[in-house]
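Undergrad: Below you will find the structure I want to go over with you.
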Amino acid sequence: MVDLTTRLGSLTLKNPVTVASGTFGVGRDFAQFIDLNRLGAITSKGVSGDPWPGNAIPRIAETPSGMLNSIGLQNPGVENFCVEELPWVAQFDVPLIVNVSGHSVEEYVRVIQRLELEPSVTAYEINISCPNVDAGGMAFGVDPRLAASVVSACKAITARDCYVKLSPNVTDIVQIAIACVDAGATALSLINTVLGMAIDVRTRRPVLARKVGGLSGPAIKPIALRMVYEVAHAVDVPIIGMGGISCAEDAIEFLLAGASVVAVGTGNFIDPTMTIQIIEGIERYCYEEGIMQIEQLVGALRD
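Numbering (this note's numbering), first residue to last: -2 to 300.
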């Protein structure tokens, strides 16, 4: 009885729930637990032009209400992704958003040029916000001019939607968001992980080999909500909200703050069925509140 259909740029999603890049692959490991067709969209792990080996171990650390990761966007490269992953995920009736990563503007462009040959790719999420790589990544996401250069170069070679994933590790995320939209971003994804650190008091050394990593999970939800709220009031494109979403109530908070779509990340590691629980919980909430269309919730926060 509740219409969960959601608009995201040129796409129409069956519901507003996707997954955060890097927490779901393309769904192979999760297909044994959930029906992937029920998701609003699948967002892939980051894909680069050439294979990236990732960072040295240890690169995962559990923290109170969250986790630190320093994976470093490990992936086998775009050609392997097209040959090995795309044929498998194409069997499902769900839009595929491919997260695109690069060390340079030229690499972002090269990845998209290859993916343009694949009909099963629906849209791109341009990752300019990963804190775990030494070149590219977050370097583009902390400077409005550099962020715009990546977005404009990508948009120049594709008619598909380009969503841009923003970093919280900036002084003013609104200025980065505006620069990306002005450069052609179809939507914005926020937030990526918050830069953090853990120390082993016995060895007196950093827990992570790279010393710092990205903090995700419930601990960052208040930060993410605030940033989604601020950006939603500054731009006129849809927002994919993420950061510590673990239940339907969390997701609804993001919708009220101005997100059109929500992405589940670290929660997938806790419970592989969490996305479906959230979809069902949103539908139940809407029914109980007399809301017949999910879009009525977007930005409906009462001041």
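Idealized CB from N, CA, C, for every residue including glycine.
Values in this document were obtained by computation on a predicted structure and should not be read as measured data.
Buried or exposed: which applies to ASN77, given that a residue is buried once 16 or more other Cβ atoms fall within 10 Å of its Cβ?
TA: exposed
Undergrad: Taking all protein chains shown into account, do 16 or more other C-beta atoms lie within 10 angstroms of the C-beta of GLY63, making it buried, or fewer, making it exposed?
TA: buried
Undergrad: Compare the beta carbon distance of ILE249 and LEU1 with 8 Å and say whether it is the shorter of the two.
TA: no
Undergrad: Going by alpha carbons, who is nearest to PHE27 out of MET271, VAL258, GLY296?
TA: Put simply, of MET271, VAL258, GLY296 the residue whose alpha carbon is nearest the alpha carbon of PHE27 is MET271.
Undergrad: Buried or exposed for HIS230, going by 16 or more other Cβ atoms inside 10 Å?
TA: Taking all protein chains in view, the Cβ of HIS230 is surrounded by fewer than 16 other Cβ atoms within 10 Å, so the residue is classified as exposed.
Undergrad: So what does DSSP say about MET(-2), is it helix, strand or coil?
TA: coil
Undergrad: Of the choices VAL147, ALA153, THR200, ALA120, whose alpha-carbon is the least far from that of THR9?
TA: ALA120
Undergrad: Please classify ASP32: does DSSP put it in a helix, a strand, or coil?
TA: coil
Undergrad: If you pair each beta-carbon of the stretch 169 to 178 with each one of the stretch 191 to 208, do three or more pairs fall below 8 Å?
TA: no
Undergrad: On the criterion of 16 or more Cβ atoms from any shown chain inside 10 Å, does PRO92 qualify as buried, or is it exposed?
TA: buried
Undergrad: Spatial neighbours of PRO269 within its chain, please: CB distance less than 6 Å, with the 5 preceding and 5 following residues excluded, ordered by chain position.
TA: PHE27, PHE30
Undergrad: Thinking C-alpha only, which one of PRO215, PHE21, SER7 is nearest LEU36?
TA: PHE21
Undergrad: Could you tell me which uninterrupted beta strand (DSSP E) segments, each at least 3 residues in length, are contained entirely in the stretch 231 to 286, listed from first to last along the chain?
TA: For the stretch 231 to 286, whole beta strand (DSSP E) runs of length 3 or above, ordered along the chain, are 236 to 239, 258 to 261.
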